[in-house]
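Participant:
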Amino acid sequence: MAEEQKEAKPKKRMTATKAAASIGPMVKEFITGTLQAKAEGKQKVAYTFIVCHHEEIFRALDVMPVWTENFAGICGAKRDAERFLQRAESLGLSRSLCTYALCGIGFDQWREELGGMPPDAPWGGQVRPDFMISSGQILCDPRSKWYQASQQFMPDVPIYNIDLPYPLFQRNQDHRDVWSYYHQYIVKQLRGLVAFIEEQTKKKMDYDRLRELVNLSDRTWNLIDETYKLRRAVPCPMGTGDAMNTMVPINFMMATQKAYDFFVDLKKELEEKIVRGEGEVENEKYRLMWGGGLPAWYALSDFNYFNSKGASFPVETTYRMVAPLHDMDLPETKDPIEHLAWRWLGYWTFWFDKARKRPGSEPDVERLINWIEEYKIDGVVMHEAFSCRTWHVGLIWQLHQLAKIYKPIPVHVIGKDGKKEKVFKELPSLILESDIIDITSYSEVDTRNKIDAFVGALESIRANRAA
Amino acid sequence: MVFVLGIDIGSAQSKGIALGGQGSLGSFECPSGGDFKLTAEKLRGELLSQSGKTENDVSRTVATGYGSKLVFFADEIKPDIVCLAKGVSSLHPTVRTVIDVGDLYTKVLRTDGNGSVHNFLLSGKCAGGSGRILQVIARVLRVRVEEMGDLSLTSQKRVDFNTGCAVFAETEAISRLSQEVKKEDLLAGLHRALAAQINSLAERIGVEPDVAMTGGGARDIGLVRAFKEIRRHDILVPTDPHMIAALGAAIMALEGIEQ
């Protein structure tokens, strides 16, 4: 078996907000909660994936979700993933597969072999599930294959797979022409999930409770949108480094009062910081967008390095897995399952209409353009994690599309007063390369050299404009 | 009288240029070795000696490159990307894309002819797309790095190199030698594979003519030719392409005084 050594403890990232600083203990608490629930046997625990819009169903049936991507991320952030990755490799799985999946599979195999948690398992370890809910969303095949692989070591643990498609963008077709077909299909998938969990838990779904939880999630979605929009302020009160913490309530705690309350507090904190003129960075010089890619969880302190150069990140596309519901125009329904399916479709088609109006645009590019303008962005940073195709295919293409709009030459536009004005819309980009949790792909020196060069380019462009 | 130094401490080679009001007063390069501080001192000493100056005569020093943070006598540290753009633009203002093949990275940058960087991309942590692979193969073939270009040009039957990975390339080179493949054919294959990898990096950011190649890799005529063949247009190689970042640093030192 592969060498099982822990790596050096990482330096802790400095957060700009108190809310972000409170996330670590919160995550630890719910990992501990899953272990406790399993030990007491009062509540079923289930492996599952984020962004499936099924949390309400879990919680209404008192099932405790175990977010396996989250646990892999924790191992990565604690620089303790390598021993689990090596285990998966020794089982014959390639390092080029999704490293979240490899880490989870390696951990599961080890835990099952021992009949208990691997030594020094991060935060007590990942609990053995009662069942697993996988999801074959359009591109991410590990989401349906991961648990099948883990089931080799836990043959008694059943899997239920939900399929959640959405219409792909077509310039010449309104997605609403076809989305009722998708809706019917997704509703069937979710009803199938309800039936499966009812069977596993021996409980009947309380649809009034489910409706309340869906309503709570909807309110949380809108609140998150309002909160994150506060980051448009100059200087920006909270950056992407913090958002990589505050993604926790968005992705792992939805449909809980705690998640809602968290954003009430964060919104208040940001409003207060704005009043005081307090930014993430003391002297904000550059406003950057995290334009794509999952972060390198073991290197979040790189955000502090950006900050030390006067660069703040007011917005990111990663993990902002909500959109304002009041802007979605979803069909009305009293059935919470039907609403969940509409919300799913509303989220994934949110940018379709705007993209259709702009020649050559696509929804992902449209989102970038809108946020570049709204958040007054000076440059785009992306991270290509080698092991994740789902989130990283197309990033370079998106930058190429942006380069057609944000050119390195001054352009003339018609201003509000009808007069022509010369504007500079150039937008440099930086692509960082490593992985989500595989630290062997990362070099701090190289990454920081790239950041230095990028800041040098930003400076150079600014000096050029001034000249 | 104005007298400035541009110091580029690379991962393999370190370079320095001394500029006065009338132009270059000296230049020097040496292996970076294991002690960047000492190397920087050595460069400064040599540049002062060539120019007939003393430490007190130096108006400003700008350092760049991998070990720039260890040039303790520098007044300012600038990223090598910025220095490259500045250096190339000073010599060839029509250049819009610079491909710098260094020991550790290959860098592609877009510039405007005035020395401003508009965008850039660096090769990753892997040595496959950088100049390091040339050194690895030179050792296997027992030829000097400086000879590789000319030798490659004599190839009559280029072999297809199947990998861009430095480690696998070494294994592949050894196995090809055991098949009695000629060194020049193997080198031509290597140059082609490296050029293809560099081109793929360049395409990611977009290539706008004129295109210049700099860095130690640009001294390898075999690599330059392979890159030209892939690009199907001319590639400009400045005189002393490996000195461009140091030149840019020296120019920025001059500009720093003027400001």
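If you read the protein sequences in the order shown, they are chains S and A.
Taking numbering that gives the first Met the number 0, the leading residue of the first sequence gets 0, the next gets one more, and so forth.
Taking numbering that gives the first Met the number 0, the leading residue of the second sequence gets 0, the next gets one more, and so forth.
In this text, a Cβ means the ideal position worked out from N, Cα and C, and glycines have one as well.
It should be emphasised that the depicted structure is a prediction, and the values quoted were computed from it without experimental measurement.
#1: S:Asn463 versus chain A: which residues are under 8 Å apart at the beta carbon?
#2: Taking C-alpha atoms, which residue in S:Phe57, S:Met63, S:Asp264 lies nearest to S:Glu39?
#3: Could you pull out every residue in the same chain whose Cβ sits closer than 8 Å to the Cβ of S:Phe302, ignoring the five residues on either side in sequence?
#4: Roughly how many angstroms separate the alpha carbons of S:Gly467 and S:Asn160, rounded to a whole number?
#5: Count the other C-beta atoms from every protein chain shown that fall within 10 angstroms of the C-beta of A:Phe226, then say buried if there are 16 or more, exposed otherwise.
#6: Is it right to say S:Gly359 is buried, meaning 16 or more other beta carbons lie within 10 angstroms of its own, or is it exposed?
#7: Which word fits S:Trp178, buried or exposed, when buried means at least 16 other C-beta atoms lie within 10 angstroms of its C-beta?
#8: Is any heavy atom of the ligand SAM found at a distance shorter than 7 Å from the C-beta of S:Lys257?
#9: Put A:Ile250 into one of helix, strand or coil per three-state DSSP.
#10: Which value, in whole angstroms, describes the spacing of the CA atoms of A:Leu193 and A:Leu150?
#11: Can you grab the Cα-Cα spacing for the pair S:Asp224 / S:Met252, in whole Å?
#12: Under a three-way DSSP split, which group does S:Pro294 fall into?
#13: Buried or exposed: which applies to S:Leu113, given that a residue is buried once 16 or more other Cβ atoms fall within 10 Å of its Cβ?
#14: In whole angstroms, what is the alpha-carbon distance linking A:Ala39 and A:Ile16?
#15: Since S:Gly455 meets chain A, which of its residues come closer than 8 Å, beta carbon to beta carbon?
#16: Using the C-alpha atoms, what's the distance from A:Pro237 back to A:Gly5?
#17: In angstroms, rounded to a whole number, what distance separates the CA positions of A:Glu145 and A:Met242?
#18: Is there contact here, the stretch 22 to 35 of chain S with the stretch 108 to 127 of chain S, by at least three beta-carbon pairs under 8 Å?
#19: Verify the CB distance criterion: does S:Ile196 have a CB-CB separation below 8 Å to chain A?
#20: Tell me, please, whether the CB atom of A:Asp56 is closer than 8 Å to any CB atom in chain S?
#21: In whole angstroms, what separates the C-alpha of A:Ala11 from that of S:Arg82?
#22: Report yes or no: do three or more beta-carbon pairs, one from the stretch 240 to 257 of chain A and one from the stretch 25 to 39 of chain A, lie closer than 8 Å?
#23: Counting along the chain, where does the beta strand (DSSP E) carrying S:Ile158 start and finish?
#24: Counting only Cβ pairs nearer than 7 Å, list the residues of chain A close to S:Asp451.
#25: Within a Cβ cutoff of 7 Å, which residues of the same chain sit near A:Gly20, ignoring the five residues on either side of it in sequence?
#26: Do you know how far the Cα of S:Met320 is from the Cα of S:Tyr474?
#27: Using a Cβ-Cβ cut-off of 7 Å (strictly less than) and excluding sequence neighbours within five positions of A:Lys85, which residues of its own chain qualify?
#28: Taking C-beta to C-beta, are A:Ala211 and A:Val94 nearer than 8 Å?
#29: Cα separation between S:Trp220 and S:Tyr346?
#30: Rounded to the nearest angstrom, what separates S:Ala71 and S:Phe152 at their Cα positions?
#31: Using the DSSP secondary-structure output, state which residues sit across from S:Phe130 in a beta bridge.
#32: According to the neighbour-count rule (16 or more other Cβ atoms, all chains shown, within 10 Å of its Cβ), is S:Asn448 buried or exposed?
#33: Using the C-alpha atoms, what's the distance from S:Gln42 back to S:Ile450?
#34: Consider the Cβ of A:Arg59: report whether some Cβ of chain S lies at a distance smaller than 8 Å.
#35: What three-state label does DSSP hand S:Lys406 in the structure shown?
#36: Taking the alpha helix (DSSP H) that S:Cys51 belongs to, which residues open and close that run?
Facilitator: Taking the definition as stated:
#1: Asp111, Asn113, Ser115
#2: S:Met63
#3: Arg12, Gly238, Thr239, Gly240, Met243, Phe312
#4: No information on residue 467 of chain S is available, as it lies outside the stretch 0 to 466 that chain S covers here.
#5: buried
#6: exposed
#7: buried
#8: With respect to the ligand SAM, the structure shown offers nothing to examine, as it has no ligands at all.
#9: helix
#10: 16 Å
#11: 16 Å
#12: coil
#13: exposed
#14: 12 Å
#15: Lys77, Pro78, Ile80, Val81, Val116
#16: 18 Å
#17: 16 Å
#18: yes
#19: no
#20: no
#21: 33 Å
#22: yes
#23: 158 to 161
#24: Pro78
#25: Met0, Val1
#26: Residue numbering for chain S in the displayed model covers 0 to 466; residue 474 of chain S lies beyond these limits and cannot be assessed.
#27: Gly114, Gly247, Ile250, Met251
#28: yes
#29: 11 Å
#30: 18 Å
#31: S:Ala45
#32: buried
#33: 47 Å
#34: no
#35: coil
#36: No alpha helix (DSSP H) holds S:Cys51; DSSP gives it neither H nor E.
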